[in-house]
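Working notes, structure below.
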Amino acid sequence: MQDSVKPNGITPSQTVGPFFKYGLTPNGEYAWNDAFTNSTLTPDVTGDRVRIEGRVFDGDGIAVPDCMLEIWQADAQGRFADPQDKRALPNASFRGFARCGTDKDGNYSFDTIKPGAVPDPEGKPQAPHILLAVFGRGMLRHLYTRIYFSDEAGNAADPVLALVPTERRATLVATREGGKAVYRLDLRLQGDDETVFFDV
């Protein structure tokens with residue numbers, strides 16, 4: 022008997038599962054060397070050093086203990102470590118990429134520098150921001166969002182942030198805590214106050 026429905030096969034993004042913890046975010050728990058860490062800091066990096074931290078919650082408000090998060094960002098001068106960015110990189114070893122997993126309470130953190138402003142495809146300046154990808158079990162495709170900074174005046178004119186309804190923009194803005202260079206942004210995958218994710 023022939024099946025009238027032909028399967029399309031499994032795509033890489035559909036194999037999301039518990040391999041994150043062992044293969045990609047071991048954090049010293051397994052005999053494995055991390056290819057990437059939660060820090061973008063390099064010996065020659067310049068700019069304001071900051072820490073971004075928060076927690077990841079599911080649709081029921083329960084902490085997600087085995088998410089994987091990746092960031093990619095420009096340096097303090099607004100330059101990306103990418104062949105498409107033809108400008109000179111003053112921070113030659115800065116790659117702007119980092120990865121971390123959440124702990125048993127859903128906590129995550131990144132040590133990095135505050136990025137500079139970068140132009141959008143039309144040349145309009147964007148407020149300093151960090152690109153964030155979220156991977157997790159039960160998600161057939163990873164999610165993309167941005168991290169903006171609460172003390173940046175440029176947020177008001179940012180062309181991407183302007184696309185987000187006013188009442189939801191706070192889900193993208195990391196809040197500076199006291200006088201420390203620590204910014205906090207909790208991520209909510211579904212439900213009330215769901216983080217704004219972008220279709221890219």
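To convert, note that position 175 of the sequence shown is 196 in our numbering; the numbers rise steadily by one, no gaps.
Note that beta-carbon positions come from the ideal geometry of N, C-alpha and C, so glycine has one too.
Closest Cα partner of residue i within the set the options
| i | options | result |
| --- | --- | --- |
| G144 | D179, D172, S130 and L161 | D179 |
| P142 | D126, V181 and I151 | V181 |
| L90 | I83, G175 and F118 | F118 |
| Q211 | R197, R205, V139 and T192 | T192 |
| V155 | V217, R70 and D132 | V217 |
| D132 | D214, M160 and R205 | R205 |
| I83 | R197, T123 and R70 | T123 |
| E188 | H163, D69 and E215 | E215 |
CB of residue i within 8 angstroms of CB of residue j, strictly
| i | j | result |
| --- | --- | --- |
| E74 | V221 | no |
| F101 | T61 | no |
| T67 | A97 | yes |
| F219 | Y165 | yes |
| V85 | G200 | no |
| G99 | V139 | yes |
| S130 | R167 | no |
| P146 | P136 | no |
| D213 | R76 | no |
| N59 | R120 | yes |
Reduced DSSP secondary structure (H/G/I, E/B, other) of residue i
| i | result |
| --- | --- |
| L210 | coil |
| N128 | strand |
| A191 | helix |
| G122 | strand |
| L153 | strand |
| G175 | helix |
| A97 | coil |
| L164 | strand |
| A113 | coil |
| L62 | coil |
| A183 | helix |
| G75 | strand |
| A102 | coil |
Burial state of residue i, where buried means 16 or more other Cβ atoms lie within 10 Å
| i | result |
| --- | --- |
| P64 | exposed |
| P104 | exposed |
| I134 | buried |
| G159 | exposed |
| G127 | buried |
Other residues of its chain near residue i: CB distance less than 6 angstroms, five sequence neighbours each side excluded
| i | result |
| --- | --- |
| V194 | Y169 and S171 |
| K125 | P86 |
| R209 | F78, E215 and T216 |
| D106 | R100 |
Own chain partners of residue i with C-beta closer than 8 angstroms, once the 5 adjacent residues on each side are dropped
| i | result |
| --- | --- |
| D24 | At D24, the pLDDT of 49 sits below 50, so the modelled position is not reliable and the matter cannot be decided from this model. |
| T196 | S171, Y204, R205 and L206 |
Neighbourhood of residue i by C-beta distance below 7 angstroms, restricted to the same chain and skipping five residues each side
| i | result |
| --- | --- |
| W93 | G117, F118 and L152 |
| H163 | S34, A154, V155 and F156 |
| F57 | F118, A119 and R120 |
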